[in-house]
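Okay, so here's the structure we're looking at.
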Amino acid sequence: MLRALFPTGLGMMEFQDKRVIVTGAGGIYGRWIARAFAREGARLCLSDNRAEALESLAEELALPEERVMLHRTELMEEASIRDLAAHVKAGWGGVDILVNNAGIYPGGDLFDLPTSEWDRVFGVNVRAVFILSREVAHLMVAEGVQGCIVNISSGASRKMNPARVAYCTSKTTLDRLTKGLALDFAPRGIRVNAVEPGFAPGSEVSPLSDEYVSNMLTRIPLGRTSGPDDAAAAVLYLCSGKASYVTGATLTVDGGNSIRT
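So the sequence shown is numbered by our numbering: it starts at 1 and just counts up by one.
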């Protein structure tokens, strides 16, 4: 059924029965990544703070009960993050792949930005990634798993946008965290990389006007927005044996947008 719905297979059945956590699974990139792993035979633990989004995705994927878990995770709460890792350990014995996809994109001029909002951006976009990566790494080491972690970054990590400084700074920090995790986890056989996806209209995080989308298209050399298989294929590649010598890297998949000044 999944291949009928999403026919562009990636040809990497090495993911058969792999245990994969995807955070922010109810968002646009999370759904695309979950679909890609599902059609490659992986078992999925879908994490989001919105129960209805999780249930909708699970219904769409139509996986057997033993191949999918749902976890409503509050990424600002360490206990909830630790419970996510424990939930997968209890059900499947451990984790093979973690995709830290969840992120928030609030606006606000720093002149008036509340400290609580700054803390929330860094709490979800950086702190939660560290905590969950650490917890999952412990599970991988305990099992002797040569695991993979992929963080979803952003082109905002390399530039500043007015009223989005908190978000941009958090993604810059995430890029450095990715390299730090890769460095510390490498001796334990765990690879850590990042994917920087391209512009995709329709995100629940930031509804966009038609005019904005049209303007963005003029800046993308390949002349189109990101589709379901673009970032997902990059994530699967980084988690595959074909990338066994890749760690601490960021793979940019943005149609050439980042090469424009």
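In this text, a Cβ means the ideal position worked out from N, Cα and C, and glycines have one as well.
A quick note: this is a predicted structure, and the numbers were derived from the prediction, not measured.
Is it buried or exposed for aspartate 254, if we count other Cβ within 10 angstroms and need 16 for buried? By 1-based counting over the sequence shown, the position of residue 254 is 254. Aspartate 254 is buried by the Cβ-count criterion.
Label alanine 62 either buried or exposed according to how many other C-beta atoms from any shown protein chain fall within 10 Å of its C-beta, with 16 as the threshold for buried. By 1-based counting over the sequence shown, the position of residue 62 is 62. Only exposed fits alanine 62, as fewer than 16 other CB atoms lie within 10 angstroms of its CB.
Rounded to a whole number of angstroms, what is the C-alpha to C-alpha distance between valine 124 and threonine 115? The count along the sequence shown starts at 1 and reaches residue 124 at position 124. The count along the sequence shown starts at 1 and reaches residue 115 at position 115. The alpha-carbon of valine 124 is positioned some 14 Å away from that of threonine 115.
Considering only their Cβ atoms, is the gap separating valine 68 from leucine 46 smaller than 9 Å? Here residue 46 is taken as the residue at index 46 of the sequence shown, counted from 1. Here residue 68 is taken as the residue at index 68 of the sequence shown, counted from 1. Taking 9 Å as the Cβ cut-off, leucine 46 and valine 68 qualify as a contacting pair.
Whole beta strand (DSSP E) elements within the segment 8-49, 3-residue minimum: Correct list: 19-22, 43-48.
DSSP three-state assignment for alanine 194, whether helix, strand or coil: As a position in the sequence shown, residue 194 is number 194, starting the count at 1. Of the three classes helix, strand and coil, the one that applies to alanine 194 here is strand, per DSSP.
According to DSSP, is asparagine 215 helix, strand or coil? Numbered from its first residue, the sequence shown carries residue 215 at position 215. DSSP, read as helix, strand or coil, puts asparagine 215 in helix.
Taking the alpha-carbon of alanine 90 as reference, which of Thr247, Gly30, Ile104, His71 has the nearest alpha-carbon? Numbered from 1 along the sequence shown, position 90 holds the residue referred to as residue 90. The residue with the shortest Cα to Cα distance from alanine 90 is His71.
Taking Cβ positions, are isoleucine 152 and valine 195 nearer each other than 9 Å? By one-based count along the sequence shown, residue 152 stands at place 152. By one-based count along the sequence shown, residue 195 stands at place 195. Against a cut-off of 9 Å, the Cβ pair of valine 195 and isoleucine 152 comes out as a contact.
Arginine 72 - partner residues in DSSP beta bridges: Position 72 of the sequence shown, counted from the first residue, corresponds to residue 72. Answer is Asp48.
Sequence-distant residues of the same chain with beta carbon closer than 6 Å to arginine 19, five excluded per side: Locating residue 19 in the sequence shown gives position 19, counting from the first residue. For arginine 19, where only same-chain residues beyond five positions count, the Cβ hits under 6 Å are Arg43, Trp92, Val95, Asp96.
Assumed close pair leucine 251, alanine 234 - CB separation to whole angstroms, cut-off 8 Å: Position 251 of the sequence shown, counting from 1, holds the residue named residue 251. Position 234 of the sequence shown, counting from 1, holds the residue named residue 234. That pair is a contact at about 5 Å.
Within this structure, are the beta carbons of proline 228 and arginine 35 separated by less than 9 Å? What you label residue 228 is simply residue 228 of the sequence shown in a count that begins at 1. What you label residue 35 is simply residue 35 of the sequence shown in a count that begins at 1. The Cβ atoms of proline 228 and arginine 35 sit closer than 9 Å to each other.
Looking at C-alpha atoms only, which residue of His138, His87, Ala102, Asp17 is the closest neighbour of methionine 76? The residue labelled residue 76 in the question sits at position 76 within the sequence shown. Per the C-alpha coordinates, the member of His138, His87, Ala102, Asp17 positioned closest to methionine 76 is Ala102.
Can you give the Cα-Cα distance for isoleucine 131 and threonine 173, rounded to whole angstroms? Indexing the sequence shown from 1 puts residue 131 at position 131. Indexing the sequence shown from 1 puts residue 173 at position 173. Their backbone Cα atoms lie some 15 Å apart in a straight line.
Based on the DSSP secondary-structure assignment, which residues constitute the bridge partners of cysteine 168? Your numbering for residue 168 matches position 168 in the sequence shown. Per DSSP, none; premise fails for cysteine 168.
In whole angstroms, what is the alpha-carbon distance linking valine 246 and glycine 41? The residue labelled residue 246 in the question sits at position 246 within the sequence shown. The residue labelled residue 41 in the question sits at position 41 within the sequence shown. Taking the straight line joining both Cα atoms gives about 23 Å.
Delimiting residues of the alpha helix (DSSP H) encompassing leucine 238: The residue you call residue 238 lines up with position 238 of the sequence shown. Taken as a continuous stretch (DSSP letters only), the alpha helix (DSSP H) holding leucine 238 covers 228-239.
Provide the residue span of the beta strand (DSSP E) that contains valine 246, from first to last. Reading the sequence shown from its first residue, position 246 is the one you call residue 246. Valine 246 -> no beta strand (DSSP E), and no H or E assigned at all.
Count the other C-beta atoms from every protein chain shown that fall within 10 angstroms of the C-beta of aspartate 48, then say buried if there are 16 or more, exposed otherwise. One-based indexing of the sequence shown puts residue 48 at position 48. Counting other Cβ atoms within 10 Å of its Cβ, aspartate 48 reaches 16 or more and is therefore classed as buried.
By the 10 Å Cβ neighbour count, where 16 or more other Cβ atoms means buried, how is glutamate 135 classified, buried or exposed? Start at 1 with the first residue of the sequence shown, and residue 135 comes out as number 135. Residue burial is scored here from C-beta neighbours: glutamate 135 has at least 16 other C-beta atoms within 10 angstroms and is therefore classed as buried.
Can you tell me where the beta strand (DSSP E) holding leucine 84 begins and where it ends? Residue mapping note: residue 84 aligns to position 84 of the sequence shown, counting from 1. Leucine 84: not part of any beta strand (DSSP E); member of the alpha helix (DSSP H) spanning 78-92, first to last residue.
According to DSSP, simplified to helix, strand and coil, what is asparagine 101? Against the sequence shown, residue 101 aligns to sequence position 101. DSSP places asparagine 101 outside both helix and strand once states are collapsed to three, so it counts as coil.
Between the alpha carbons of glycine 108 and glycine 144, how many angstroms are there, rounded? Along the sequence shown, read from residue 1 onward, the residue named residue 108 stands at position 108. Along the sequence shown, read from residue 1 onward, the residue named residue 144 stands at position 144. C-alpha separation (whole angstroms): 44 Å.
Among Ile259, Val129, Ala53, Trp32, which residue has its Cα nearest to the Cα of asparagine 193? Along the sequence shown, read from residue 1 onward, the residue named residue 193 stands at position 193. Cα-wise, what sits closest to asparagine 193 is Val129.
Under a three-way DSSP split, which group does isoleucine 220 fall into? Residue mapping note: residue 220 aligns to position 220 of the sequence shown, counting from 1. Correct three-state label for isoleucine 220: coil.
To the nearest angstrom, report how far apart proline 197 and threonine 225 are at their CA atoms. Numbered from its first residue, the sequence shown carries residue 197 at position 197. Numbered from its first residue, the sequence shown carries residue 225 at position 225. The alpha-carbon of proline 197 is positioned some 10 Å away from that of threonine 225.
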